[in-house]
Amino acid sequence: MLGAEAQKLFDHMPDATLLVDRQGVIRGANPATERVFGCTPSALVGERLDRLIPEGARSHHQSMVEGFFAAGRARAMGPGLELSAQRRDGSLFAAEIGLSFIDLGGQRHAICSVRDVSDRKAAERAVRLNEQWLSVTIESIGDAVIATDLEGQVVRMNRVAEMLTGYSNKEARQTPLASVFHIVDERTGDNAEDVVQRVLREGTIVALAKHTQLIARDGTRRAIADSAAPIRDADGRVHGVVLVFRDVTDERALRRLDAHCRSLVDHVSDAVIACDAELRCTAWNKAAEQLYGFTFAEVRGSSLDVLGTKVRGDLPQKIEAQLRAGEHVTAELEQTCKDGRKVQVVATVVMLNDEAGKPSGFLGVVRDLTASRAIEQRLVLAERLAAVGTLAAGVAHEINNPLAFVTANLGFVHQHLVEHETPETSDLASALADAIVGADRIAKIVKDIRTLGRTDDASGSVDVNAAVRAALSVTHNRVRHCGRVEECLQAKHLVHGNELRIVQVLTNLIVNSARALNQEKGAENIIRVGTRDDDGDEMVELCVEDNGEGIEERDLARVFDPFFTTKPVGHGTGLGLSICHRLVSAMGGTIQVDSERGMGTRVTIRLQRGVASAEVVDRPPEIVLAPRRMLVVDDEDLILKAIARMLPEWPVVLCRDAPQAIDRLVAGEAFDFVLCDAMMPALSGAQLYARLCEVRPDLARSVAFMTGGAFDQGVAAFLADKRVLQKPFTEDELRVFIRDCFSAGPLPA
Numbered sequence: 123m124l125g126a127e128a129q130k131l132f133d134h135m136p137d138a139t140l141l142v143d144r145q146g147v148i149r150g151a152n153p154a155t156e157r158v159f160g161c162t163p164s165a166l167v168g169e170r171l172d173r174l175i176p177e178g179a180r181s182h183h184q185s186m187v188e189g190f191f192a193a194g195r196a197r198a199m200g201p202g203l204e205l206s207a208q209r210r211d212g213s214l215f216a217a218e219i220g221l222s223f224i225d226l227g228g229q230r231h232a233i234c235s236v237r238d239v240s241d242r243k244a245a246e247r248a249v250r251l252n253e254q255w256l257s258v259t260i261e262s263i264g265d266a267v268i269a270t271d272l273e274g275q276v277v278r279m280n281r282v283a284e285m286l287t288g289y290s291n292k293e294a295r296q297t298p299l300a301s302v303f304h305i306v307d308e309r310t311g312d313n314a315e316d317v318v319q320r321v322l323r324e325g326t327i328v329a330l331a332k333h334t335q336l337i338a339r340d341g342t343r344r345a346i347a348d349s350a351a352p353i354r355d356a357d358g359r360v361h362g363v364v365l366v367f368r369d370v371t372d373e374r375a376l377r378r379l380d381a382h383c384r385s386l387v388d389h390v391s392d393a394v395i396a397c398d399a400e401l402r403c404t405a406w407n408k409a410a411e412q413l414y415g416f417t418f419a420e421v422r423g424s425s426l427d428v429l430g431t432k433v434r435g436d437l438p439q440k441i442e443a444q445l446r447a448g449e450h451v452t453a454e455l456e457q458t459c460k461d462g463r464k465v466q467v468v469a470t471v472v473m474l475n476d477e478a479g480k481p482s483g484f485l486g487v488v489r490d491l492t493a494s495r496a497i498e499q500r501l502v503l504a505e506r507l508a509a510v511g512t513l514a515a516g517v518a519h520e521i522n523n524p525l526a527f528v529t530a531n532l533g534f535v536h537q538h539l540v541e542h543e544t545p546e547t548s549d550l551a552s553a554l555a556d557a558i559v560g561a562d563r564i565a566k567i568v569k570d571i572r573t574l575g576r577t578d579d580a581s582g583s584v585d586v587n588a589a590v591r592a593a594l595s596v597t598h599n600r601v602r603h604c605g606r607v608e609e610c611l612q613a614k615h616l617v618h619g620n621e622l623r624i625v626q627v628l629t630n631l632i633v634n635s636a637r638a639l640n641q642e643k644g645a646e647n648i649i650r651v652g653t654r655d656d657d658g659d660e661m662v663e664l665c666v667e668d669n670g671e672g673i674e675e676r677d678l679a680r681v682f683d684p685f686f687t688t689k690p691v692g693h694g695t696g697l698g699l700s701i702c703h704r705l706v707s708a709m710g711g712t713i714q715v716d717s718e719r720g721m722g723t724r725v726t727i728r729l730q731r732g733v734a735s736a737e738v739v740d741r742p743p744e745i746v747l748a749p750r751r752m753l754v755v756d757d758e759d760l761i762l763k764a765i766a767r768m769l770p771e772w773p774v775v776l777c778r779d780a781p782q783a784i785d786r787l788v789a790g791e792a793f794d795f796v797l798c799d800a801m802m803p804a805l806s807g808a809q810l811y812a813r814l815c816e817v818r819p820d821l822a823r824s825v826a827f828m829t830g831g832a833f834d835q836g837v838a839a840f841l842a843d844k845r846v847l848q849k850p851f852t853e854d855e856l857r858v859f860i861r862d863c864f865s866a867g868p869l870p871a
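In the working numbering, the protein residues as written are 123 to 871.
Right, here's the structure in full:
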C-alpha cells in the first residue's frame with residue numbers, strides 16, 4: 123500500500139507503528155510492534171485495533187476512532203493523557219500514542235505510533251517517591267538545610283532554615299545564598315568566607331569556622347556550627363552544594379558556663395571531688411591535686427579507696443543514711459596522700475541525683491586542716507607568749523624594784539670602801555665589786571626578758587650589736603648545750619627598725635641553727651652571729667650561720683612559705699621563717715637563706731642604716747650637780763633611801779605614796795625637780811601627774827618618772843613621751859639622767 127520509500131521509513135520507525143483504516147482494522151505494522159506488543163506484524167495485520175486496547179476502554183474506542191477521522195486532527199507523541207495498551211499476552215503497559223493521517227488509494231488511514239513508557243513511568247514514580255522521601259526527611263531533621271546550585275542560587279531550604287534565617291523557602295529560591303545566609307566572624311564582625319565557592323573549589327566537605335555567627339533577617343545573631351558538602355550525581359559530577367547547620371548559641375553559652383564553673387572550681391582553695399555511685403572518681407580539681415599529690419589523670423575512674431580514708435565506728439552508716447535523706451554531711455577524716463603522708467581533713471559531702479531522682483554519685487568539698495591546726499597551735503603559742511610577755515614584764519618590774527636599791531647600795535658601799543681603802547677592807551671592796559657585776563648581769567637578763575614582753579611596733583634607730591647580745595642572752599640556755607657560739611660584731615652604725623622585732627628574728631634564727639646541729643659532733647658544732655657595715659649601699663648586715671645539716675636545694679625556694687617545714691611532725695609549724703621574712707620586710711630590709719645539704723646554713727639580713735652611730739660615748743666619771751630641792755615618790759622605802767644616799771649634797775624629800783606627795787605639793791612646797799615611780803598601789807604616777815597639772819601646772823613640767831617595767835599598756839602609752847629612768851640604775855646613771863632633764867629644760871605643757 124505504501125510506496126517503497128515510505129515503506130522503508132515505516133519499517134524503520136523506532137516506535138511500534140500501525141496503519142489503521144477508518145473501520146479500525148490494522149492494515150500494516152512495522153517490526154517494532156513485535157517488541158512492544160509481543161506479536162509479529164503479520165499476525166496483527168487484519169486484526170482490529172481493539173485487541174491492543176485494554177478491555178475496559180474498548181467500548182469507547184470505536185466512537186473515538188470515528189471522531190478522530192471526522193475531526194482530522196493529528197496528535198504528536200509525548201506526555202499527555204495517561205494511556206494504556208495491551209500486549210498479546212494480555213498484560214498492560216503505559217503508553218504514549220502519536221496520531222497522523224495518510225491517504226492511500228483514496229481512503230484516509232491513520233498512522234498510529236505507540237511507545238512503551240512503562241520504564242519511564244516507573245522511574246518517574248521512583249523519582250517522585252524519592253523527592254517526597256527527601257522532602258519529608260529534610261523537613262523532619264532538627265538541623266537547618268539549604269541546597270544551592272552551581273551558581274550559588276538557593277534551590278531549597280527546610281523549615282528550620284526558614285526559622286533561623288527569617289526567609290521562607292519561596293522567598294529564597296533562585297536568590298544568591300549570601301542574601302539569605304548572612305554569616306560573619308563573631309570576633310571581628312567581618313563577613314565569613316563564601317562557603318559554597320570553597321566547597322566547589324575544594325570538592326570536599328567543609329566545616330564552618332568555630333566562631334561563625336548567622337545574622338537573621340530581623341538582625342538576630344545566632345552562633346551556628348556544622349558543614350557544607352558538594353551534591354554529586356551517580357557519575358560523581360557536582361551539581362550543587364548543601365549546607366547543614368544548627369543554632370549553637372545556647373550550647374556555646376553552656377560550654378562557657380561549664381568552663382567558667384570549672385575555672386571557679388579549679389581556683390577554690392578547697393579540694394572538690396566528684397564520684398559515681400561506685401565511688402569512682404569523675405572530677406578532681408587543682409586543690410585536690412595539691413592536697414593529695416595525685417593528678418586527675420591518675421585517679422580518673424579509680425576508686426577513692428586510694429585515699430585510704432579512715433572514719434570512726436558506725437560513722438559510714440550514719441553518713442549514708444543522712445545522704446540518702448537528702449542532707450549534706452560534714453565529718454573530720456584522716457586520709458593518705460600519694461607520698462604516704464597522713465592528713466586530717468574536714469569533708470562536706472552531698473549526694474548527686476540523676477534526672478529521675480535516683481542517686482548517681484557524690485560531691486565532696488574537702489578542706490585540709492593542717493594549716494588551720496597549725497594556726498590554732500600558733501594562736502595557742504601566741505597566747506602563751508603573750509601571757510609570758512605579760513608575766514615577764516610583771517616579773518621584771520618586781521625584780522627591778524629591789525634590784526634598784528640593791529645595785530644602788532652596793533655601789534654606795536663599794537664607792538665608800540674604795541675611797542677609804544685599807545688593807546683590811548680591800549677584800550671587802552673586791553667582793554662588793556663582784557656582787558655589783560652579778561647585779562649587773564641580773565639587770566641585763568631582766569632587761570632582755572622585758573624586751574621580749576614588749577608589744578610596740580614603732581620603728582627607730584636600733585643598735586644591732588645590742589640586739590644580737592640580747593638575742594644570745596635569751597637563747598643562751600637553749601644553745602649552750604648544742605655547741606659553741608662565735609660573735610663577730612663589727613657594725614658601727616645603727617639600723618632603722620624595731621628593737622623587739624630584730625631580737626625576735628635573731629632569736630628565731632639562732633634557735634633554728636641550734637636545732638640544725640648534729641648533736642653527735644659536740645664541740646665541732648658552731649653557730650656564728652655577726653654584724654657588719656656595707657658602705658657600698660649604706661646597709662647593715664646581720665648574719666646567723668651554722669655548720670649543721672643544711673637544707674635540700676629543692677626546698678630552698680619554699681623556706682619562707684607559711685607552714686612549710688622540713689622538720690618532723692610535731693617539731694615545728696613552718697611559720698618561723700615566714701614570720702621572720704614578714705618582720706624584716708616590714709622594716710624595709712631583706713632576708714636571704716643560703717644552704718647546702720650537709721654543710722650548713724647561712725641566713726643574711728640586710729637593714730637600712732639609722733640616723734646615728736652605734737659607737738658609745740663615754741660619760742665623764744663624775745657628774746657634779748648643783749644642789750636642787752628634789753621630791754622623790756616611790757612605794758619602796760629602800761629605793762627612797764638609796765636615792766638619798768646617791769645624792770647626799772641635795773635636799774631630797776622622800777614620799778612613800780602619791781597621796782602624801784600631792785598633799786605636800788598642794789600645800790605649796792617648792793621643788794626644783796620631781797622624780798616619781800610610774801606604778802604604785804594607791805595612785806599611779808600618771809594620776810599624780812594629772813593632779814599636778816590641775817593644781818601646780820608650773821611644777822608638772824619638772825616631773826620625771828622611773829619604772830622597773832611598765833607591763834600595763836595604759837602606763838606604757840603614758841610614758842611614751844615622758845622622761846623615764848629605767849630601774850635598776852647606778853649613781854652615775856641617776857646623775858646623768860637628772861643632768862639631762864635640766865639640760866633639756868622643762869617638759870612642754
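Beta carbons: idealized from backbone N, C-alpha and C, even for Gly. Please read all numbers here as calculations on a predicted model, not as lab measurements.
DSSP assignment within the stretch 292 to 325 yields the following whole beta strand (DSSP E) runs of 3 residues or more, N-terminal first: 304 to 307. Each of 165, 840, 407, 537 was checked against the Cα of residue 854, and the nearest Cα belongs to 537.
At a Cβ-Cβ threshold of 8 angstroms, residue 409 and residue 392 count as neighbours.
Here residue 235 is buried, its C-beta having at least 16 other C-beta atoms within 10 Å.
Burial state of residue 714 is exposed, judged by a 10 Å Cβ sphere holding fewer than 16 other Cβ atoms. Ranked by Cα distance from residue 128, the options 394, 233, 667 are led by 233.
For residue 390, the number of other beta carbons within 10 angstroms of its own is below 16, and it is reported as exposed.
As a beta-bridge residue in DSSP terms, residue 406 pairs with 395.
Residue pairing from DSSP places residue 347 in a beta bridge opposite 368. The way I'd put it, the stretch 716 to 726 doesn't touch the stretch 758 to 772; fewer than three beta-carbon pairs between them come closer than 8 angstroms.
For residue 285, the uninterrupted alpha helix (DSSP H) segment begins and ends at 281 to 287.
Taking C-alpha positions only, residue 450 is separated from residue 491 by approximately 19 angstroms. Closest in C-alpha terms to residue 845, from the list 836, 859, 299, 471, comes 859. DSSP places residue 672 outside any beta strand (DSSP E), giving it a letter other than H or E. For residue 252, the enclosing alpha helix (DSSP H) stretches over residues 240 to 262. Taking every protein chain shown into account, the CB of residue 865 has fewer than 16 other CB atoms within 10 angstroms, so this residue is exposed.
Burial state of residue 130 is exposed, judged by a 10 Å Cβ sphere holding fewer than 16 other Cβ atoms.
In this structure the stretch 630 to 646 does not lie against the stretch 750 to 758, because fewer than three pairs of beta carbons, one per stretch, are closer than 8 angstroms.
Annotation: residue 237 to residue 219 spans about 6 angstroms, alpha carbon to alpha carbon. Taking the Cβ atoms as the reference, residue 656 lies roughly 11 angstroms from residue 614, outside the contact range of under 8 angstroms.
Inclusion of residue 652 and residue 611 in the CB contact set at 8 angstroms is warranted, their separation being smaller than that value. Distance from the Cα of residue 289 is smallest, within the candidate group 822, 273, 175, 268, for 268. DSSP, reduced to helix, strand and coil, places residue 132 within a helical segment of the structure shown. Counting other Cβ atoms within 10 Å of its Cβ, residue 285 stays below 16 and is therefore classed as exposed. Collapsing the DSSP output to three states places residue 400 in coil.
In the DSSP assignment, residue 155 falls within the alpha helix (DSSP H) that extends over 154 to 159. Secondary structure at residue 555: helix, using DSSP grouped into helix, strand and coil. With contact defined as three or more Cβ pairs closer than 8 angstroms, the stretch 617 to 636 and the stretch 595 to 608 are in contact. Look at residue 334 here: in three-state DSSP terms it is strand.
Listed as beta-bridge partners of residue 716 by DSSP are 724. Residues of the same chain with a CB within less than 8 angstroms of the CB of residue 163, apart from the 5 flanking positions on each side, are 150, 151, 152, 153, 155, 156 in chain order. For residue 729, the secondary structure class from DSSP, reduced to helix, strand or coil, is strand.
Using a 10 angstroms sphere on the CB of residue 772, the tally of other CB atoms reaches 16 or more, which defines it as buried.
Here DSSP, grouped into helix, strand and coil, assigns residue 186 to helix. The three-state secondary structure of residue 390, taken from DSSP, is coil.
Rounded to whole angstroms, the Cβ separation of residue 699 and residue 711 is 14 angstroms, and the two are not in contact under 8 angstroms.
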